[in-house]
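Positions 0 to 313 (numbering that gives the first Met the number 0) are the ones given, in order, by the sequence shown.
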Amino acid sequence: MLIIWAAVGATLAVLITPTVYRNLNQKPLDGLIIGLIVGIIGSVPGLLVFWLLLPYRFRQSDRPPHPLDGFRWRGVAQMHSNNILEVRDIHTFIGQFHILEGVSLEVPRGSITVILGRNGAGKTTTLRSIIGLNNPRSGSIFYNGRNITHATAHEIAASGIGYVPEHRAIFKELTVRENLEIAARKRGDLERNQQFIFDLFPDLQRLIDLPGGNLSGGQQQMLAIARALVPDNDLLLIDEPSEGLAPVIIDQLMAAIKQLAKHKTVLLVEQNFRVASRLADRYVIIDDGHSVMSGDMADLIKNPDVIKRYLGVA
0 MLIIWAAVGA TLAVLITPTV YRNLNQKPLD GLIIGLIVGI IGSVPGLLVF WLLLPYRFRQ
60 SDRPPHPLDG FRWRGVAQMH SNNILEVRDI HTFIGQFHIL EGVSLEVPRG SITVILGRNG
120 AGKTTTLRSI IGLNNPRSGS IFYNGRNITH ATAHEIAASG IGYVPEHRAI FKELTVRENL
180 EIAARKRGDL ERNQQFIFDL FPDLQRLIDL PGGNLSGGQQ QMLAIARALV PDNDLLLIDE
240 PSEGLAPVII DQLMAAIKQL AKHKTVLLVE QNFRVASRLA DRYVIIDDGH SVMSGDMADL
300 IKNPDVIKRY LGVA
């Protein structure tokens, strides 16, 4: 802008000075030369100010962008101050199929919240909608006060949400170490968090150079969760952590999730109500694509009729 004003000033000086000079009965050519000199001199202050402000402008542009800067136009959500995540009446389609037909939930910061429901109710799709793998067509998702409803999966992950999909999605041909290394979001993530990970899952430290495909099912699940702990995530989405595991391994995983919940917030899907009831602080029940109930787990345990109706557990 300063360059534009300097150019305008110089141009006016060049155009006006010869006319003024002619009116003073002097030669127009001499007026043109003087006009050029005046124009150059007049542009110097503007260029000088611009040059002095240029480093400041670069310093401002050097600020690393927040992963969700592009979504700030939507404004800050009116969230409950204790909630890290709020899902409001989302509707999600997979192809032509309307899977979620109105799901709402709240996840208090520092809690373990479990999503319950029968097979096919929409539990996994809810997690996939939150992480951006299946964006909702309507409704809203707010994380730490920002609207992430239509953000991409990599933008949501970069904002501090870790995702542990069902079926223990690890790279079986890579070693435990390599699985952890490729989960790093920026340089130094693994070095900074590996002691915390190995304290939770000592087996992984012992098996660090073993290919992932050589691990037992329980160890693969530990590795899947550990990969989400390599970056500095504040919220973990964990899908069916106990699926297909022996009871003794489930107990180890439950203890580890309880321990990591002292540092992270956890939202998990769990089909095993015995595990969910011992692990979670809060619950949300999804039935046929709708969220139908939510509250404290202690209250749900005392309500066998609701458990039987929505979960089929006697």
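Ideal Cβ positions, reconstructed from N, Cα and C, are used throughout, including at glycine.
Sixteen is the threshold: since fewer than 16 other Cβ atoms of the shown chains lie within 10 Å of the Cβ of ASP287, the residue is exposed. For GLY212 and ILE237, the gap between their C-alpha atoms comes out near 21 Å. The C-alpha of ASP295 lies about 13 Å from the C-alpha of LEU115.
DSSP places ILE237 within a strand segment (E or B) once states are collapsed to three. Only exposed fits ALA297, as fewer than 16 other CB atoms lie within 10 angstroms of its CB. Under the three-state reduction of DSSP, ILE306 is assigned to helix. Excluding the 5 residues flanking it on each side, PHE200 has same chain C-beta neighbours closer than 7 Å at MET221, ALA225, ALA255, in chain order. Closest in C-alpha terms to GLN194, from the list GLY161, ARG277, VAL229, ASN271, comes VAL229. Considering only ALA275, ILE249, ARG136, LEU244, the residue with the shortest C-alpha distance to ILE111 is ALA275. Across the set LEU299, PHE272, TYR162, GLY144, the C-alpha of GLY144 shows the shortest separation from the C-alpha of ARG87. Here DSSP, grouped into helix, strand and coil, assigns ILE160 to strand.
In terms of CA proximity to VAL268, SER241 leads the group VAL291, ALA245, GLN251, SER241. The continuous alpha helix (DSSP H) containing THR125 extends over residues 122–130. Residue pairing of VAL291 in beta bridges, as defined by DSSP: absent, with no partner found. HIS90 has its alpha-carbon roughly 5 Å from the corresponding atom of SER137. With a cutoff of 9 Å on beta-carbon distance, ALA150 and GLY121 are scored as not near each other. For PHE96, the beta-bridge partners assigned by DSSP are ILE93. Looking only at SER158, GLY243, VAL102, the smallest Cα-Cα distance to ILE83 is reached by SER158. Secondary-structure assignment with DSSP links GLU85 through a beta bridge to GLU105, PHE141.
LEU179 and ARG191 have their C-alpha atoms roughly 12 Å apart.
Going by DSSP, ILE285 is part of the beta strand (DSSP E) stretching over 281–286.
Spatial neighbours of ARG127 in its own chain (CB-CB distance under 7 Å, excluding positions within 5 residues in sequence) are listed in chain order as ASN133.
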